[in-house]
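Numbering (our numbering), first residue to last: 39 to 133.
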């Protein structure tokens, strides 16, 4: 999670709220918190504007190495958000 923060910062997008949340909750806790809301956060939209949804927490969650840490519902939420913005994502929990 810190890695995607730094990758986005290298593009000129700094997300201090996201960074602070990861520091306070840990990467897994921050991801689960962000997935629990009904809509993506503004950072997701900003990454979409930059055409870099690959740097979103949602995309990270669906990577095979991390997806086992999340429920089917959480993976479904991540995948739905990405697909709603035109980003095709694969998930081990794909329907």
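Yeah, the Cβ is synthetic: ideal placement off N, Cα and C, and Gly gets one too.
In this structure, the beta-carbon distance from residue 120 to residue 96 falls below 8 Å.
In the same chain as residue 65, and ignoring 5 residues on each side of it, the C-beta atoms closer than 8 Å to its own belong to 39, 40, in chain order. Remark: C-beta atoms of residue 74 and residue 82 do not approach each other more closely than 8 Å. Just measuring C-alpha positions, the residue of 46, 44, 71 sitting nearest residue 109 is 71. Counting only the Cα atoms, residue 84 lies some 13 Å from residue 55. For residue 39, no alpha helix (DSSP H) encloses it, and the DSSP letter there is neither H nor E.
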